[in-house]
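S.K.:
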Amino acid sequence: MMLEFLDKKSIGRLKLLFYLDANASVPLLQATVMEELKMNRYELESCIKDVQEDLKEFDLTDQFLIETGVKPKTVKYTRKTFANISCLISCYASRSTLTPLIKAVLMEQVENTFDLEDVLYASRATVYKIMSKVNELLKIFAIEISSSCQFLGKERDIQSFLYGYYYTLYGVNAYPFTESMKEELSEIINQLRQITHFLEEDLSNSQQVKLLYRLFVLKVRNYFGHQGETTVSTVQNEGLVQKIMTVLSPYFQHLQEAEIYELLYFIGSENLSSSCRLIETEVITSLNEKVISSVIAEFQDVVSWGETREVIDELSLIHNKLIFQKRTNFENSTIQHFSFIKENYQLAEALAYRIVQELLELEWCAETVRANYHELAKEYIFLFLATLPIELLSPKVRIAIDFSFGESYSRYIQEQVDAFGKLNIESFVGEAEETADICISDMLKLQSKRHQVIWLSPPTASDWEKLGDLIVSVKIQKCGKNHEKNSENISS
């Protein structure tokens with residue numbers, strides 16, 4: 001959702017970049033790219049040219065390369081280093097017409113819309129257009145920017161938006177604050193970690209970055225005298241509030257308990273501390289129960305699924321972010337490609353989207369769900385993959401292995417096949433092949449109706465890649481047949 005704060009052309013270029021990144025080092029037919037990204041020939045060629053120019057402007061040509069072919073018309077993207085393509089998001093954010101506006105309001109650099117003309121280098125009419133656009137985007141967060149260039153709304157909603165905005169668009173690629181500010185925020189985190197039984201001992205890099213951004217927003221809002229109501233949203237160890245107050249006081253002006261509770265709320269919502277848990281509200285409980293009942297209705301064999309602490313806690317975290325922060329963990333997923341999920345876990349994907357569709361029928365949360373439609377579905381998909389038996393989420397592919405080199409060789413190949421991961425594969429050696437979907441051997445069986453993979457020598461990386469493609473193809477075929485059966489049952 002935060003990507004909507006970028007310019008429209010930038011979003012189009014990012015979609016192209018992330019699609020090419022998912023197919024790195026492979027020449028792609030431009031016709032295929034046009035079909036996938038819903039572009040015509042002119043739009044694609046212009047977008048490729050613009051991205052090539054952007055890489056030069058952002059001084060990234062030593063990290064990424066985009067080449068085009070003429071006959072046939074192709075486009076090829078190559079990573080020259082281990083650089084992350086997401087660094088382009090912050091580059092495009094720096095170009096957005098909304099970026100200087102958000103910064104000017106946050107840092108209280110202007111007092112009215114007339115002052116914005118100098119900040120945005122725009123006419124009065126253009127400033128009003130930009131203000132209108134940003135306030136339309138801010139509606140979902142229940143906040144707005146006033147004519148006096150102040151954020152209006154509940155302080156928690158304002159800070160939740162600012163955190164999501166800066167963390168999503170900048171991340172670790174280009175911090176929107178000075179190096180000295182970063183060092184100070186890092187020192188605060190180090191001191192918070194010294195509080196016994198508070199933060200997890202080994203915060204991951206992503207967790208530290210999230211906490212860094214949240215402290216940045218909290219500190220800036222505090223500096224300009226903005227404090228919310230003291231809302232207790234977490235259960236924590238006795239005396240923890242005072243201990244945090246002691247750590248933050250030297251770095252904040254006129255620190256109040258309200259800000260400590262805001263920080264605790266964030267820490268609880270990101271699951272950064274075992275001694276700080278969110279209070280589960282009726283709203284969150286009702287959404288949890290809705291998802292649990294839908295899963296149990298789909299899979300009668302998992303009636304106890306929603307009773308486990310792991311599932312309840314994860315659903316609570318997902319729904320808390322959705323309802324109270326208007327966001328999910330997959331903010332940038334609209335430009336990222338999750339084809340692996342679509343290819344291998346179609347049943348999990350179908351169930352997740354069905355649940356999201358059901359939530360749209362709840363009037364009180366429909367707008368928020370609609371704004372996070374695909375992102376919320378991905379939250380559910382990965383929860384299902386982590387907590388449900390794989391047999392329920394992906395069609396089983398049975399693979400018969402029969403080599404003339406002896407049983408030891410066949411079992412060696414079987415071990416490699418089984419190492420494919422959580423794909424619901426059942427392999428066997430030396431059994432009848434009638435029930436197999438795929439047969440792997442060094443001998444072709446002419447009368448067989450099964451998919452046959454012939455390896456005359458130990459398989460290469462290319463051989464394994466082709467086998468993986470075949471497994472995906474079989475799964476897609478099976479899902480198609482299951483869909484036809486379900487349609488027949490519904491129609492009858």
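Here the sequence shown is numbered in the UniProt record's numbering, starting from 1 and rising by one per residue. Ideal Cβ positions, reconstructed from N, Cα and C, are used throughout, including at glycine. Small disclaimer: the values here were computed from a predicted structure and weren't measured.
Just to confirm, are Ile425 and Trp455 a CB contact at a threshold of 9 Å?
M.R.: Contact: no.
S.K.: Bridge partners for Arg156 per DSSP, in chain order?
M.R.: Note: Arg156 sits in no beta bridge, so no partner.
S.K.: Leu29 by DSSP, collapsed to three states: which one?
M.R.: Residue state, collapsed to three classes: strand.
S.K.: Can you have a look at Ser147 and say buried or exposed, based on whether 16 or more other CB atoms are within 10 angstroms of its CB?
M.R.: Ser147 is exposed by the Cβ-count criterion.
S.K.: Taking residue 493 as the reference, give the member of Val429, Phe384 and Phe266 with the closest Cα.
M.R.: The shown model of the chain, from 1 to 492, leaves out residue 493, and the question about it has no answer.
S.K.: Taking the Cβ atom as the reference point for each residue, do Thr168 and Asn332 lie within a distance shorter than 9 Å?
M.R.: Their beta carbons are under 9 Å apart, which means Thr168 touches Asn332 by this criterion.
S.K.: If you reduce the DSSP assignment to three classes, tell me which class Glu426 lands in.
M.R.: Here Glu426 sits in strand by DSSP.
S.K.: Closest to Gly468 by C-alpha separation, out of Met443, Gln416, Ser448 and Lys8, would be which residue?
M.R.: It is Gln416 whose Cα lies nearest to the Cα of Gly468.
S.K.: Pairing CB atoms from the segment 296 to 303 with CB atoms from the segment 133 to 141, are three or more of them under 8 Å?
M.R.: Because the criterion of three Cβ pairs below 8 Å is not met, the segment 296 to 303 and the segment 133 to 141 do not touch.
S.K.: So, at 6 Å on beta carbons, what are the nonlocal neighbours of Gln325 in its own chain, with the 5 sequence-adjacent residues on each side left out?
M.R.: Answer for Gln325: Ser160, listed in chain order.
S.K.: Would you mind giving the Cβ-Cβ distance between Ile284 and Ile323, rounded to the nearest angstrom? I have them listed as a contact below 8 Å.
M.R.: Confirmed, about 7 Å.
S.K.: So what's Gly421 in DSSP terms, helix, strand or just coil?
M.R.: It is coil, neither helix nor strand.
S.K.: Spell out the partners DSSP gives Phe151 in its beta bridges.
M.R.: Its beta-bridge partners are Ile145.
S.K.: How big is the Cα-Cα spacing for Asn23 and Gln63?
M.R.: Answer to the nearest angstrom: the Cα atoms are 16 Å apart.
S.K.: Pull up the DSSP beta-bridge partners for Leu278, would you.
M.R.: For Leu278, which the question treats as bridged, DSSP gives the partners Thr234.
S.K.: Going by beta carbon distance, what residues of the same chain come within less than 7 Å of Met2, once the five residues before and after it are set aside?
M.R.: Excluding positions up to five away in sequence, the list reads Gly164, Tyr165, Thr168, Leu169 and Glu331.
S.K.: Shortest alpha-carbon distance to Ile476 belongs to which of Arg124, Gln346, Tyr261 and Gly69?
M.R.: Considering only alpha carbons, the answer is Gln346.
S.K.: Applying the criterion that 16 or more other CB atoms from any shown protein chain within 10 Å of the CB defines a buried residue, is Asn489 buried or exposed?
M.R.: For Asn489, the predicted structure reports a pLDDT of 33, less than 50, and the residue's modelled location is therefore unreliable. A value from the coordinates is still provided. Exposed: under 16 other Cβ atoms inside 10 Å.
S.K.: Could you give the DSSP three-state label for Lys485: helix, strand or coil?
M.R.: With a pLDDT of 43 at Lys485, under the threshold of 50, the predicted position of this residue should be treated as unreliable, though the coordinate-derived value follows. Reduced to three states, the DSSP call for Lys485 is helix.
S.K.: Whether or not the segment 2 to 12 and the segment 91 to 111 are in contact is what I'm after, with contact meaning three or more pairs of Cβ atoms, one per stretch, closer than 8 Å; do they touch?
M.R.: Yes, since at least three Cβ pairs between the segment 91 to 111 and the segment 2 to 12 fall closer than 8 Å, the two stretches touch.
S.K.: CB Val235 to CB Arg277, shorter than 9 Å?
M.R.: Cβ atoms of Val235 and Arg277: closer than 9 Å.
S.K.: According to DSSP, simplified to helix, strand and coil, what is Ser491?
M.R.: With a pLDDT of only 31 at Ser491, under 50, the local geometry of the prediction cannot be trusted, and no value is derived from it.
S.K.: By DSSP, does Gly69 sit in helix, in strand, or in coil?
M.R.: Strand at Gly69.
S.K.: Tell me, which residues are paired with Gln52 by DSSP?
M.R.: In the DSSP output, where bridge partners are listed per residue, Gln52 has none listed.
S.K.: Pick from Glu35, Phe177 and Leu255: whose alpha carbon is nearest that of Gln227?
M.R.: Among Glu35, Phe177 and Leu255, the Cα nearest to that of Gln227 is on Leu255.
S.K.: Per DSSP, what are the beta-bridge partners of Thr74 in this structure?
M.R.: Answer is Leu29 and Gly69, bridged to Thr74.
S.K.: For my contact list, Gln207 and Glu270 are in at a C-beta cut-off of 8 Å; report their separation, rounded to the angstrom.
M.R.: Sure, about 7 Å apart at Cβ, within 8 Å.
S.K.: Roughly how many angstroms separate the alpha carbons of Asn237 and Ile267, rounded to a whole number?
M.R.: Near 14 Å, if we compare the C-alpha coordinates of Ile267 and Asn237.
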